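J.:
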Amino acid sequence: MSDDVVFPLLGVFLFGVGFAAFVGRRHLLWKIIAVNVMASGVSVLLLTLPRRAGEGVDPVPQAMVLTGIVVMVAATALALALAVRLAGLSPGDGRHRHTRE
Amino acid sequence: MMDLLVLLLLACGGFFFLAGTVGLLRFPDVLTRIHTLTKADNLGLGFTVLALALLADSWIVRAKLVLIWLLVIGATATTGHLIARAGLEARDGLEGRDETGLEARDGARLGAGDH
Amino acid sequence: MAFDVALCVLVAGLALRLLTTRDLFEAVILFVSFGLALALVWVRIGAVDVALAEVALGAGVTGALLVNARRRLEQKAPEWLEAAHYRPAAAVLPALCGAFAGVAGLVALTAPRAVQPLAPRILERVPDAAATNPVTAVLLDFRAYDTLLEIGVLVAGITAVWALERGRPAVPPAATAEDEPVLAELVRWIVPLTVMTAIYLTWLGAYEPGGAFQAGALLAGAGVLMLASGFLRPYAPHSPVLRTVVAAGLFVFAAAALATVFAEGALLRYPAAGGYVWVLAIEAVLTVSIAAILAEFFVDVPSAPQQASGEQR
């Protein structure tokens, strides 16, 4: 297994488990965390796939991933605010559908 | 010669990090765990920084390394204090329950009345 | 090589554990560890700019937001923190996702690698760009409109959070200088150091890994520390000072874009002579705005009124 393969495999794995948790877990906070893990997986793929062993990283995907991290933080902050707001609003019924797994 | 020294220092650093982690996992209660983490990790980082400072090629890099070490010492000391305080208050709120593990120890030694 | 494999196993293991654990507190702490380990991956492949952003934003800011969201759920809806159990039927989904990831991995690994890599062409043009750090050159010169829209996303995000939080009661700080003297002492000497480091990082971004987003995140960290320890009272969302600082980055960047359209005839094509000054000025304003927006995300998911309440696991 060469250096070129290890990191892309990690990216695929992160996207896979993130996706599984995003679909499979019912708790909203875990869904938000899962999307973050999926985004990390995509970043790993973006940066490592076009790279050949021994070379540096392409600056264009680096800039894209940087932008992606910042956008993810903004999206996460908004999603968390929505989740907390929902927790305050929803009476027992809606809450239990979302909390129990 | 230099490489051997660096290797030795890095091994020392790694040993203390390992010891701190083992302590975190094995020690019985909040206070002893904080003790191992803050003490052992500061030493571990100290040795690592020393090794890296020997490898560094300029004084500005060494100064940055020492600054990192000082910042981490300040931060771990403070977080250690805050966690101990939180553990103590949780103990006060849960009289008689064994949630934090603090009950197992001598109450006077913990200084329950100092805040 | 062996180190890379060990690192990947660590990152993968952390991700698996944080997504499957039943304890939200554990998941949040592991998410921060995951971000730090991932930053090591970025360093290993030579993407130092991304590593800095991952540590400051991915692990730091997101971690702080998650901790705060958890505390707020603790107050508003403690049922949300009850141990979340798996349902056996849910095991089918991971299997399906695993199969999907396997196919995706196969496609990714067998696809032709970068037929025409962009890197050489970018690196060849960097000497003419407004910054010598290739990543900053892409972010603020070659593809500056991406970054313009990016700061737009941040402003839109904080506007939405403000709209959600309208009418929320004032939040007392998590602690005050009087009852946490040790924390207060740390804040007194760590905040000036952080501000200095943020200025250094902004300036450094033109030459070496660093830049407005990493520096802004650092500055936001200092702000969060001051808010949590009671040194800084949060501004009301309708405060004109706060709104000006939040909008300044987008406004200055957009004004610069317009100015370049009129002066040079193309969006964000800097004048040949003073490109460096333009980039540095935009980055400086961006840093302050980004810091204000990120710290404001934190304020709007406020901490509990009782300070240092024990986190029960």
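Chains as they are written, first to last, in the numbering used here: chain A, 1384 to 1484; chain B, 855 to 969; chain C, 86 to 398. Every residue, glycine too, gets a C-beta built ideally from N, C-alpha and C. Remember, it's a predicted structure, so these values are computed and weren't measured experimentally.
Output the distance between the C-alpha atoms of L312(C) and R206(C), rounded to the nearest integer angstrom.
T.: In a straight line, the C-alpha of L312(C) is about 46 Å away from that of R206(C).
J.: Return the residue from the list A1422(A), F1405(A), A1460(A), V1443(A) that minimises the CA-CA distance to A204(C).
T.: Nearest C-alpha to A204(C): V1443(A).
J.: Nearest-angstrom Cα distance between E235(C) and F298(C)?
T.: Distance between the alpha carbons of E235(C) and F298(C) is about 10 Å.
J.: Listing by chain order, which chain C residues have their CB less than 7 Å from the CB of G928(B)?
T.: Those within 7 Å of G928(B) in chain C are L271, I275.
J.: So with CB distances below 7 Å, who are the chain B contacts of L268(C)?
T.: Correct list: T932, L936.
J.: Within the chosen definition, does the region 326-334 of chain C reach the region 370-377 of chain C through at least 3 CB pairs nearer than 8 Å?
T.: With a cut-off of 8 Å, the region 370-377 of chain C and the region 326-334 of chain C count as touching, because enough Cβ pairs lie within range.
J.: Helix, strand or coil, according to DSSP, for T217(C) in the structure here?
T.: Note: T217(C) maps to coil in three-state DSSP.
J.: Within 10 angstroms of its Cβ, does S324(C) collect 16 or more other Cβ (buried), or is it exposed?
T.: Flag for S324(C) reads exposed.
J.: Less than 9 Å between the C-beta atoms of I275(C) and A307(C), yes or no?
T.: A contact, by the Cβ cut-off of 9 Å.
J.: Taking CB distances under 9 Å as the criterion, tell me whether R155(C) reaches chain A.
T.: It does; some Cβ of chain A falls within 9 Å.
J.: Find out if the Cβ-Cβ distance for the pair A1466(A), T105(C) is shorter than 9 Å.
T.: In this structure, T105(C) does not lie closer than 9 Å to A1466(A) by Cβ.
J.: Any beta-carbon of chain C closer than 9 Å to the one on V1467(A)?
T.: Answer yes: the Cβ-Cβ gap between V1467(A) and chain C drops below 9 Å somewhere.
J.: Against chain C, which members of the region 1417-1446 of chain A pass a CB distance test of less than 8 Å?
T.: Answer set for the region 1417-1446 of chain A: A1417, N1419, V1420, S1423, S1426, V1427, L1428, L1430, T1431, L1432, P1433, R1434, R1435, E1438, G1439, V1440, D1441, P1442, V1443, Q1445, A1446.
J.: Can you tell me the Cβ-Cβ gap for F1398(A) and A186(C), rounded? I've got them flagged as a contact below 8 Å.
T.: Yes, F1398(A) and A186(C) are in contact; Cβ-Cβ is about 6 Å, under 8 Å.
J.: Of all the CB atoms in chain B, is at least one closer than 9 Å to the CB of L278(C)?
T.: Yes, contact with chain B.
J.: Mapping DSSP to helix, strand and coil, what is G868(B)?
T.: In this structure, G868(B) counts as helix in the three-state DSSP scheme.
J.: Count the C-beta pairs between the region 899-915 of chain B and the region 865-872 of chain B that are closer than 8 Å, then say yes if the count reaches three, no if not.
T.: Flag = yes, the region 899-915 of chain B and the region 865-872 of chain B touch.
J.: Suppose you measure from the CA of G231(C) to the CA of A141(C); what does that come to, to the nearest Å?
T.: Position check: residue 231(C) holds Asp in this sequence, whereas Gly was assumed. Spanning the two alpha carbons is a distance of roughly 21 Å.
J.: How would you call T1431(A), buried or exposed, if buried means at least 16 neighbouring beta carbons within 10 angstroms?
T.: That one is buried.
J.: Can you tell me whether L1411(A) is buried or exposed? The criterion is at least 16 other CB atoms within 10 Å of its CB, across all chains shown.
T.: Label assigned to L1411(A): buried.
J.: Under 9 Å between the Cβ atoms of C93(C) and F1402(A)?
T.: Cβ atoms of C93(C) and F1402(A): not closer than 9 Å.
J.: Suppose the cutoff is 6 Å on Cβ atoms and the five residues either side in sequence are ignored; what does the same chain contact list for L924(B) look like?
T.: Nothing listed; no residue qualifies.
J.: Please list the terminal residues of the continuous alpha helix (DSSP H) segment that includes E139(C).
T.: Neither: E139(C) is in no alpha helix (DSSP H) and is coded neither H nor E.
J.: In its own chain, which residues sit with a C-beta less than 8 Å from the C-beta of M856(B), not counting the 5 before and 5 after it?
T.: So the qualifying residues of the chain are L908.
J.: Alpha carbon to alpha carbon, what distance is there between P356(C) and V272(C)?
T.: C-alpha separation (whole angstroms): 42 Å.
J.: Cβ of T345(C) versus every heavy atom of the ligand NAP: is any distance shorter than 8 Å?
T.: Looking for the ligand NAP in the displayed structure turns up nothing, as the structure carries no ligands at all.
J.: How would you call P173(C), buried or exposed, if buried means at least 16 neighbouring beta carbons within 10 angstroms?
T.: A caution first: P173(C) carries a pLDDT of 48, below 50, which makes its placement in the model unreliable, though a value can still be read off. When all chains shown are included, P173(C) counts as exposed.
J.: By the three-class DSSP mapping on this structure, what secondary structure does F227(C) have?
T.: Three-state DSSP puts F227(C) in a helix.
J.: Tell me the start and end of each unbroken alpha helix (DSSP H) in the region 278-309 of chain C that is at least 4 residues and wholly inside, in chain order.
T.: The region 278-309 of chain C contains no whole alpha helix (DSSP H) run of 4 or more residues.
J.: Which residue from E270(C), R129(C), R107(C), R102(C) puts its Cα closest to that of G315(C)?
T.: Ranking the options by Cα distance to G315(C), first place goes to E270(C).
J.: Alpha carbon to alpha carbon, what distance is there between V926(B) and G143(C)?
T.: Rounded to whole angstroms, G143(C) to V926(B) spans 20 Å at the Cα level.
J.: Comparing alpha-carbon positions, which option in A215(C), A245(C), L166(C) lies nearest R354(C)?
T.: When each option's Cα is compared against that of R354(C), the closest is A215(C).
J.: Strictly under 9 Å for the Cβ-Cβ distance: is L878(B) near chain C by that measure?
T.: No - not a single Cβ of chain C is within 9 Å of the one on L878(B).
J.: Does the beta carbon of R825(B) sit closer than 9 Å to a beta carbon anywhere in chain C?
T.: As displayed, chain B neither begins before 855 nor continues past 969, which places residue 825(B) out of reach and without an answer.
J.: Check the C-beta distance from F336(C) over to I367(C) and give it rounded, since I have them as a contact under 8 Å.
T.: That pair is no contact at about 11 Å.
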